[in-house]
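Novice:
In our numbering, the protein residues as written are 220 to 319.
If you want it as structure tokens, here you go:
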């Protein structure tokens, strides 16, 4: 596996190269798209990106957990968690990348 990470700047640079917008406009476009995705998730909406996957927010109830070190039972507070479910095309593409 690679230790490299794709960043916002990398995405903006790709938009700059592939679309031809200025670097500043490319960065603004990336920020705008990520902002729209974040806002939708905060509102509890699903975000589906065709051939990529679906982001959604799930509510988890309070439950009892256990400290693995001490064995002590502790309550885990209710919370909202972000989940991602990749599309079949994305799963296949990643699996193909593993064969190289």
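Where is the CB? At the ideal position from N, CA and C, for every residue including glycine.
How about residue 297 and residue 280: do their beta carbons lie closer than 7 Å?
Specialist: Contact flag set, yes.
Novice: Residue 299 and residue 278 - do their beta-carbons sit closer together than 7 Å?
Specialist: Taking 7 Å as the cut-off, the beta carbon of residue 278 is found closer than this to the beta carbon of residue 299.
Novice: Please classify residue 223 as buried or exposed, where buried requires at least 16 other C-beta atoms within 10 Å of its C-beta.
Specialist: exposed
Novice: Below 6 Å CB to CB, which residues in the same chain sit around residue 292 once its five sequence neighbours on both sides are set aside?
Specialist: 283, 285
Novice: Alpha carbon to alpha carbon, how far is residue 246 from residue 254?
Specialist: 12 Å
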